[in-house]
Structure formats: structure tokens, C-alpha cells
Amino acid sequence: MIRIGLIGCGAVASFGHIPAIIDTDGLQLHALLDTDPAQLIQAQSRFSVPHIFTDIDLFFQSGIDAVVITSPAPVHFAHVQAAAKYKKPALCEKPLAMDEAQASEMIAMMDAANLPLYVGFTYRFAPVAMDIRRLVREGAIGEVKSLRLAYVWDCHGKYAHRADPASGIYDRRHGRMIEGGPMVDCGVHQIDLARWWTGSEVTRVTGHGAWVDTGGYEAPDHVYLHMDHENGAHTMVEISYSYAHTSRDSRCEFYYELIGTEGIIRYNRQSRYFELVNKHGTQHFHWTEEKNFHGMYHAFKNALTTGQAGDMPTAKDGLRATVLARQATEDAAKWRKG
7 MIRIGLIGCG
17 AVASFGHIPA
27 IIDTDGLQLH
37 ALLDTDPAQL
47 IQAQSRFSVP
57 HIFTDIDLFF
67 QSGIDAVVIT
77 SPAPVHFAHV
87 QAAAKYKKPA
97 LCEKPLAMDE
107 AQASEMIAMM
117 DAANLPLYVG
127 FTYRFAPVAM
137 DIRRLVREGA
147 IGEVKSLRLA
157 YVWDCHGKYA
167 HRADPASGIY
177 DRRHGRMIEG
187 GPMVDCGVHQ
197 IDLARWWTGS
207 EVTRVTGHGA
217 WVDTGGYEAP
227 DHVYLHMDHE
237 NGAHTMVEIS
247 YSYAHTSRDS
257 RCEFYYELIG
267 TEGIIRYNRQ
277 SRYFELVNKH
287 GTQHFHWTEE
297 KNFHGMYHAF
307 KNALTTGQAG
317 DMPTAKDGLR
327 ATVLARQATE
337 DAAKWRKG
């Protein structure tokens, strides 16, 4: 049994990471670390975790075999640094770090300690993403030439209570905008998928953006990223945090479209379709959600057991996706400033 310690007991940990760790055969959630005692006690009670800590040294000395880092992005560096110090393999939520220099140093620290560092790109492990990769490898649509990947939504809305400004700014969305905006927070998933599906590195990236929100954020809240790949493919990623963000009723669109020389692959979360269209006709596949925490933790367990990454996204994958996302965001901001 591999004993897992988790740092950061916020929303993503509670709805995604912790249940998946508990449900994965071969993993045991052994300890939690958070700076908020009330949040710690609540998580311990809800998930029956044996040990909780507010002290990072005591946490790492509690008998854990590996660590999962789901804390806010600004403290990822310190937590990976502690993992390297205590010789613990780590899985870190995206974005890996606040900038390229930090992420590179984190990778160097873990490499020097001969430890793996993985990034939580959960989209890879959804059945739909796995099926798309298989279809691309089988040549079901010939050579992939164009990818259109979009997630336009409101990040749960601008205000704490939907369309009510009197309720105050919703802190989670505000934090994501401060940390880099929608492309850095969400778009890294699509960037990773494009590199993973095509098996081709990105040679050029450009970004364009819109500032729909009136909050005065430096980052655009609606971003378009364009990437050229070494193999000649082109990817367009569209991510928004301002799609009906002040409306009473939320709306969103999430889709993948891969256009090849011999057909197309289409997936739409809202319309609940997943299909392959080629010379043989139209084939419909089982529709699933776009995330799969359970699949990621099964792969994480295998990586810890075998010492082989397999499909686990490495820290270098995380760094590359974040660098491209920040480049596109900065490119958009540069054009706005003139």
C-alpha cells in the first residue's frame, strides 16, 4: 500500500483528488496538510483521514510515501522543494509554477534528488481523450492538420452569488485571474492534449485576447491561442472566464475538433456527442465527461510502482504547457498596450 500525503484541502482536492485517491486500489490517503485548521478538520472528518498537519515538516515525517500538491499556485515551489528535501515523489496541480524560472528550478530539484515530478493534467485520462489518441495513432482521419479546442465559461461567475454584485467578487475566479487568467489556469489542459495527441512539439505560438470583465485585470479573460506544430499541424485553443459571467444563468461550450486529411473527430460536452466522420461513414462513440481523476490516480499508482511515467504528464510537459499559455497571454496583453 502506497501512503499518500496531500497538501491543500480546497475545492479541487475535495471534489476530485481526495475521492480518487481513496477509491484507487493500492493507494491510501495517509495525511493532509493545510494552513487552515478548520478546513483540515472538515476534510479529515469528511474523508476519514488518519493524520492532519499545519506543520510541513511534521507532515513529511508522518510516514507518507508520495505527496500530492493541490495548494494554490504561488506556493507550489515551496511544496515541491519540501518534497525534494524529504525524498518524496510528487504529483503537482497545474500550473506547475508562477513562471518558467520557478518551474525549471523545481524540475532541477527533483531531478537532482532522482525523484519523479508529475503534473495533474486530468483531461488526458478521460476515456474520450484516450479514444482520440488511439484514433489518431490508427490513422482514422489520416494526418491531423487542424485542431480546434475550446472551453468558454464563466469560472462560476464574477460574483459570489451569480448576478448579484452586492455579494462581492467571487474569490476563486478572482484568484485565477490574478495568477494568469483562463489560458494559464484552464488552457494548459488543451495545450497538453494537442501536444499529446499529435505527438508533435510546438514551434510557434501567438495569442489574442479580449477584456470583457471590467475588473481591471492584466490578463485577458477571453483568450485565443494559435500554435504551429513541427509536423505541420495547427492548433487553436479558445478559453474564456467571461462567458455570461455576470448573468443569472450560466452558459458554456466545451468541444474538441480534430480535422484530418481523411476525416474529422468531434466531441461536444454540452451536446453530448463524440463521433468519427471518415470515408466509412459516421461512427458514434460512448460520451464521457472531459476529466478523469480516477484514471489519473490509477496511472499515478502504476508510475510509483514501476518507476515508469507511462501516460502520466511529466513536469516538463507541465512547464511546456504553462510557458506556451503565458506566452499567448502576454502576447495578447502586449497588443492591447500597443
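7 is the number of the first residue of the sequence shown in my numbering; add one for each residue after it.
Note that beta-carbon positions come from the ideal geometry of N, C-alpha and C, so glycine has one too.
- Between Arg179 and Ala250, the alpha-carbon positions lie close to 14 Å from each other.
- The C-beta separation of Cys15 from Ala49 comes to about 4 Å, placing the pair in contact by the 8 Å criterion.
- Collapsing the DSSP output to three states places Val190 in a helix.
- Judged by their CB atoms, Phe131 and Gly301 are nearer to each other than the 8 Å cut-off.
- Taking the Cα of Thr212 as reference, the smallest distance to any Cα among Val218, Ile197 and Gly205 is reached at Ile197.
- Pairwise C-beta distances place the stretch 220 to 227 out of contact with the stretch 148 to 158, as fewer than three of them are shorter than 8 Å.
- Per DSSP, Asp170 is one residue of the beta strand (DSSP E) stretching across Asp170 to Ile175.
- Within the same chain, and ignoring the five residues on either side of Val18 in sequence, the residues whose Cβ sits closer than 8 Å to its Cβ are Thr76 and Glu99.
- Contact between the stretch 134 to 153 and the stretch 109 to 118 is not established, with fewer than three Cβ pairs separated by less than 8 Å.
- Take Val55, set aside five residues on each side of it, and the residues of its chain with a beta-carbon closer than 6 Å to its own are Leu35 and Leu38, in chain order.
- According to the DSSP secondary-structure assignment, Cys98 is paired through a beta bridge with Ile75 and Val125.
- Using a C-beta cut-off of 8 Å, the stretch 269 to 276 makes no contact with the stretch 176 to 191, since fewer than three inter-stretch Cβ pairs fall below that distance.
- For Thr128, the closest C-alpha among the options Ala331, Tyr247 and His23 is that of His23.
- Your pair Ala239 and Ser206 checks out as a contact, with CB atoms roughly 6 Å apart and the cut at 8 Å.
- By the criterion of at least three beta-carbon pairs nearer than 8 Å, the stretch 61 to 78 is not in contact with the stretch 281 to 300.
- Per DSSP, Thr335 is not a residue of any beta strand (DSSP E); the alpha helix (DSSP H) it occupies stretches across Ala321 to Lys343.
- Under the three-state reduction of DSSP, Arg278 is assigned to coil, being neither helix nor strand.
- In this structure, Tyr261 keeps its C-beta atom at 8 Å or more from the C-beta atom of Met242.
- Between the alpha carbons of Gly313 and Gln333 lies a distance of about 33 Å.
- Assignment of beta-bridge partners to Met136 by DSSP yields no partner.
- Taking a 10 Å sphere around the C-beta of Pro78, we find fewer than 16 other C-beta atoms and assign the residue as exposed.
- The Cβ neighbour count for Arg326, taken over all protein chains shown within 10 Å, is at least 16; the residue is labelled buried.
- Here Pro171 is exposed: its Cβ has fewer than 16 other Cβ atoms, across all protein chains shown, within 10 Å.
- Scanning its chain for C-beta atoms nearer than 8 Å, with the 5 sequence neighbours on each side dropped, one finds around Phe83 the residues Ala103, Met104, Gln108, Glu111 and Met112, in chain order.
- The straight-line gap separating the alpha-carbon atoms of Gln289 and Val283 is approximately 6 Å.
- As a beta-bridge residue in DSSP terms, Asp234 pairs with Arg210 and His240.
- Annotated as distal: Ile28 and Lys307, with beta-carbon spacing of 8 Å or more.
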